[in-house]
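See below:
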């Protein structure tokens, strides 16, 4: 692991190298789940693996909710316990496999497959129902437990009602080439002409939508943080919207996730993972490390003083009064030094 040295702006707090290629990431609050080879690993916020779970097929997508981790691997859906990686339910497979998944408000999961269907599962991964919705490029997020926002295969943003009568509508007649997840009620999109837009959607349209000034940005991943949107561009760079006052190159890689506030996690497909922290979090981390170092020094000093004191008592018991006085002097025990000197005078 390596420690970020720059004290201005977002910094890499630590990095970690996987032995295998990385196919997916999922931020889980106090760490990050990593799909590496035929395993899913949990890396804690200090950069150390806390558990790893082997699966029969390679994982390509993950999401977390209610203490569980939903995993898409091969053609199947699995649910793992976040605390230790135990497989709780292997769910079911579908012809052609699943393509995306999201946790559902109030518990449960929604999955899209590659054949125009959505699948609803409960929290443990047991199937509830399947509904036909047309091609899904990406699951964007929920307005509530009933209304789901998707980016369809033709580029339109649609609102689907998944309870009762299955209804859906495009919220507008404009197509988009890329969309972020719905975060804090906000959505980031790229139009077919390359322009970046930000909006607050509702089931029938937009509360707010505006174009953001950008120059040649091609996003492949995006997530929100406390200071704005962070995008991973096609060339692997991390870019913020709005742009930083003092832009600097930030190497992201191929995948990007975040906690929505002060942490970003990026990685390359080849296995290099970086944990980025906002300035205020990086400062707290440095102070915590400094405090731990100071405490360790105090504990070490106490152990040293204890061993010197034991040696002084042994010297005194064995009649080595000069040595005992010298050792008590190192400890600053003036009364004991005077006592030993008095004993020497009495012996003389």
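Numbering (our numbering), first residue to last: 631 to 978.
Just so you know, even glycine gets a beta-carbon here, dropped at the ideal spot from N, CA and C.
As the structure is a computational prediction, the values presented were derived from the model and not from experiment.
Inter-residue distance for residue 950 and residue 931 is about 25 Å (C-alpha atoms, whole angstroms). Looking from the CA of residue 812, the closest CA among 895, 779, 875, 789 belongs to 779. Note that the region 878–895 touches the region 846–856; at least 3 beta-carbon pairs, one per stretch, sit closer than 8 Å.
In the structure shown, the three-state DSSP call for residue 893 is strand.
DSSP places residue 780 inside the beta strand (DSSP E), whose first and last residues are 777–782. Where residue 967 is concerned, the enclosing alpha helix (DSSP H) starts and stops at 964–977. In the three-state DSSP reduction, residue 813 falls in the strand class (E or B).
In the three-state reduction of the DSSP assignment, residue 762 falls in the strand class, which pools E and B. One thing to note: residue 796 has its Cβ within 8 Å of the Cβ of residue 761. Around residue 662, the same chain offers 655, 656, 672, 673, 887, 895, 903, 905 as residues with beta carbons nearer than 8 Å, after the five sequence neighbours per side are excluded. No Cβ-Cβ contact shorter than 8 Å links residue 756 with residue 750. Rounded to whole angstroms, residue 691 and residue 877 show a C-alpha spacing of 31 Å. At the C-beta level, residue 703 and residue 688 come within 8 Å of one another. With 16 or more other Cβ atoms inside 10 Å of its own Cβ, residue 652 counts as buried. Comparing C-alpha distances from residue 675 to each of 718, 893, 864 shows the shortest one belongs to 893.
Residue environment analysis places residue 972 among the exposed positions, since fewer than 16 neighbouring C-beta atoms fall within 10 angstroms of its C-beta. When the five nearest sequence neighbours on each side are left out, the beta carbons in the same chain lying within less than 8 Å of the beta carbon of residue 738 are those of 750, 751, 752, 753, 758, in order along the chain. With contacts defined by Cβ atoms closer than 8 Å, residue 817 and residue 805 do not form a contacting pair. Taken through DSSP and simplified to helix, strand or coil, residue 837 comes out as strand.
Counting only runs of at least 3 residues, the region 698–736 fully encloses the following beta strand (DSSP E) elements, listed from N- to C-terminal order: 698–703, 706–711, 717–719, 728–733. When the Cα atoms are used, residue 718 and residue 694 turn out to be separated by approximately 14 Å.
In the DSSP annotation of this structure, the continuous segment of the alpha helix (DSSP H) that includes residue 954 starts and ends at 951–960.
Residue 956 has its alpha-carbon roughly 8 Å from the corresponding atom of residue 967. Under the three-state reduction of DSSP, residue 947 is assigned to helix. By the neighbour-count criterion, in which a residue is buried when 16 or more other Cβ atoms sit within 10 angstroms of its Cβ, residue 838 is exposed. Contact annotation, residue 864 with residue 882: C-beta distance approximately 11 Å; criterion of less than 8 Å not satisfied. For residue 700, the closest of 815, 945, 728 by C-alpha to C-alpha distance is 728. Less than 8 Å separates the beta-carbon of residue 735 from that of residue 772. For the options 907, 941, 664, the alpha carbon positioned closest to that of residue 642 is the one of 907. Scanning 847, 664, 866, 962 for the CA closest to the CA of residue 712 turns up 664.
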